[in-house]
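Counting in numbering that gives the first Met the number 0, the sequence shown runs from 0 upward without gaps. All residues carry an ideal CB built from backbone N, CA and C; glycine is no exception.
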Amino acid sequence: MLHVLYFITRKPSLSDEEFHRYWREVHGPIAAKISQLQRYVQSHRIPFPGSNSPYDGAAEVWLADETALAALRESPEYLQGALADEPNFIDMSRVEWLVTHDRVILDGPQTPRQVKLIFQLKRKFGMSLADFRRYWLDVHGPIVCKLPGLRRYVQCHTVDAAYRYAEPRWDGVAQLWADDEAAMQRLLDSREFREESWPDGEKFLDLSHAWSFVAREHQVLWPT
Numbered sequence: 000m001l002h003v004l005y006f007i008t009r010k011p012s013l014s015d016e017e018f019h020r021y022w023r024e025v026h027g028p029i030a031a032k033i034s035q036l037q038r039y040v041q042s043h044r045i046p047f048p049g050s051n052s053p054y055d056g057a058a059e060v061w062l063a064d065e066t067a068l069a070a071l072r073e074s075p076e077y078l079q080g081a082l083a084d085e086p087n088f089i090d091m092s093r094v095e096w097l098v099t100h101d102r103v104i105l106d107g108p109q110t111p112r113q114v115k116l117i118f119q120l121k122r123k124f125g126m127s128l129a130d131f132r133r134y135w136l137d138v139h140g141p142i143v144c145k146l147p148g149l150r151r152y153v154q155c156h157t158v159d160a161a162y163r164y165a166e167p168r169w170d171g172v173a174q175l176w177a178d179d180e181a182a183m184q185r186l187l188d189s190r191e192f193r194e195e196s197w198p199d200g201e202k203f204l205d206l207s208h209a210w211s212f213v214a215r216e217h218q219v220l221w222p223t
């Protein structure tokens, strides 16, 4: 299954509140009509210390395969519906797509009450993609799983097809869930994060290009 992340930024003419309300209440139902979507989540950025990503959120959809993705891009529900509506609330000059495969490292709850930390990641210069993926999965993954208060942890690995024409901006996205903002702050303040997880990231990541924000999910299509 493909996990597509669409990082978006609000139009300058809209306030944060107006942007998030429109995304949830107006755009969400429009995008939900796209038949190829198996799941659809809006990750709405919330105020949180240390966030450095330029984006205000991420639309996340799951599709069966590349055929479904191609069909989505040609569907009237996308072209005349969701895509046509985007300029009403999104700054179309500041968006970014990423197509990934999920690797669930810690399988825990995923609820709208939680918050999640979204890291956009790039491997260190000179490191092969295979070595990056191997290190992220086999070495770094178990270190992150030790973080106190971590409820769920997913690595989203950029698909091979993205490298056929050019080097993608990111090699993947890490998503970490905690119960609430206070729990997320305790996780980031913990010895395990400061002395183990973050220093280990320097071994395989270009941390100068590691963007992050904290979000709360709005689950638009979420089959049980």
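In this structure, DSSP gives E166 a state outside helix and strand, which the three-state scheme calls coil.
The alpha-carbon of V158 is positioned some 13 Å away from that of A165. For H2, the uninterrupted beta strand (DSSP E) segment begins and ends at L1 to I7. Inclusion of F203 and W135 in the CB contact set at 8 Å is warranted, their separation being smaller than that value. Apart from the 5 residues on each side of it in sequence, S196 sits with its Cβ closer than 7 Å to the Cβ of I142, V143 and L146 in its chain, given in chain order.
Annotation for H217: the continuous beta strand (DSSP E) segment containing it runs W210 to L220.
Here K115 is buried, its C-beta having at least 16 other C-beta atoms within 10 Å. In terms of Cβ geometry, D178 and Q113 form a close pair [threshold 8 Å]. Counted as a single uninterrupted DSSP element, the alpha helix (DSSP H) harbouring V143 occupies residues G140 to V143.
Judged by DSSP secondary structure, T66 falls outside any beta strand (DSSP E) and instead within the alpha helix (DSSP H) spanning E65 to E73. For L120 against A209, the beta-carbon gap comes to about 6 Å, under 8 Å, which counts as contact.
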